[in-house]
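Numbering (the numbering used here), first residue to last: 259 to 538.
Just so it is clear, CB atoms sit at the ideal spot from N, CA and C, and this is done for glycine as well.
Taking it in order: structure first as structure tokens, then the write-up.
In structure tokens form, the structure reads like this:
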């Protein structure tokens, strides 16, 4: 089973320094299979994504930049693919992306399956392509069945594997994978994992992306109020238990949405005995 970790590009020199420390801590403790780097809405972090990707690659780590349809012309995507290929980068996370406020439409490529097809057309089999999956159904999907059918289209377009949106109900993941495999999907579907460190942050993210927070978790978080230590301890226990259920069931990988923080990811991995210390 593989571990991987997502970062977002820092916007300040201080943020860059903190991310370097975060990455070094995670690399030493966990030796993840790869790091992914997000691509902001409308390409808003385009240069930051490239710089962060280059820094991780220079450090000798495997890195997977995100590419998005939003605000990205075919010309821009071709340029980025060429830059990544020249660096020797072999993984890409291909996403439709969400339209930022004030942007009325997508670019030349409107769907992730089109982006996957375009990457294959331009670069052949050079890149290992990851796509997104939504165990609890994409918030804009017409129905769960249509959402899974669209997911299968992305795989058939040439994706090698998928990473899910985060979730806290393991049954949703298991059902999604079973339904996808019935449609002929035969690639690994890696579970996306969100450590819980702040109730307000988690509630905001979840409301925006459609990830369900079970009522019992939401009520416990709200009951802790501003007690950040209790929130972190509770969150660590909940997410560690979730990961344990997934591992026992044979999940192919865990992908941590780190929010550029090392400790929550490392503590969960240590609870699961997935850190380097437990392997020696």
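How about residue i and residue j: are their beta carbons less than 7 Å apart?
| i | j | result |
| --- | --- | --- |
| residue 287 | residue 524 | yes |
| residue 490 | residue 458 | no |
| residue 415 | residue 374 | yes |
| residue 430 | residue 388 | no |
| residue 354 | residue 344 | no |
| residue 296 | residue 324 | yes |
| residue 267 | residue 306 | yes |
| residue 520 | residue 276 | no |
| residue 453 | residue 522 | yes |
| residue 413 | residue 435 | no |
| residue 398 | residue 469 | no |
| residue 451 | residue 512 | yes |
| residue 327 | residue 367 | yes |
By Cβ distance below 6 Å, which residues in the same chain neighbour residue i in space, the five residues on each side in sequence not counted?
| i | result |
| --- | --- |
| residue 372 | none |
| residue 464 | 471 |
| residue 269 | none |
| residue 390 | 353 |
| residue 302 | Model confidence at residue 302 stands at a pLDDT of 49, short of 50, so the residue's coordinates are unreliable and nothing is read from them. |
State the DSSP-derived secondary structure class of residue i, mapped to helix, strand or coil.
| i | result |
| --- | --- |
| residue 317 | coil |
| residue 402 | helix |
| residue 387 | strand |
| residue 392 | coil |
| residue 510 | coil |
| residue 323 | strand |
| residue 516 | coil |
| residue 535 | helix |
| residue 366 | coil |
| residue 415 | coil |
| residue 426 | coil |
| residue 336 | helix |
| residue 273 | helix |
| residue 238 | Absent from the structure is residue 238, since the part of the chain shown begins at 259 and ends at 538. |
| residue 346 | coil |
| residue 540 | No information on residue 540 is available, as it lies outside the stretch 259 to 538 that the chain covers here. |
| residue 504 | helix |
So who's on the other strand from residue i, going by DSSP bridges?
| i | result |
| --- | --- |
| residue 448 | 421 |
| residue 293 | 263 and 321 |
| residue 351 | 324 and 388 |
Excluding the 5 residues preceding and the 5 following residue i in the sequence, name in chain order all residues of the same chain whose CB lies nearer than 7 Å to its CB.
| i | result |
| --- | --- |
| residue 319 | 285 and 293 |
| residue 217 | No answer is possible for residue 217: it lies beyond the span of the chain, which begins at 259 and ends at 538. |
| residue 428 | 500, 503 and 504 |
| residue 410 | 438, 441, 442 and 443 |
Quick one: residues in its chain with C-beta nearer than 8 Å to the C-beta of residue i, no 5 flanking neighbours on either side, listed in chain order?
| i | result |
| --- | --- |
| residue 336 | 380 |
| residue 312 | 345 |
| residue 516 | 263, 264, 265, 280, 284, 453, 522 and 523 |
| residue 533 | 287, 288, 524 and 527 |
| residue 480 | 457 |
| residue 392 | 399, 405, 409, 422, 423, 434 and 468 |
Could you confirm whether any beta carbon from chain C is found closer than 7 Å to the beta carbon of residue i?
| i | result |
| --- | --- |
| residue 274 | Although the question refers to chain C, the structure presented lacks it and comprises just one protein chain. |
Any alpha helix (DSSP H) of 4 or more consecutive residues that is wholly inside the segment 431-481: 457-467
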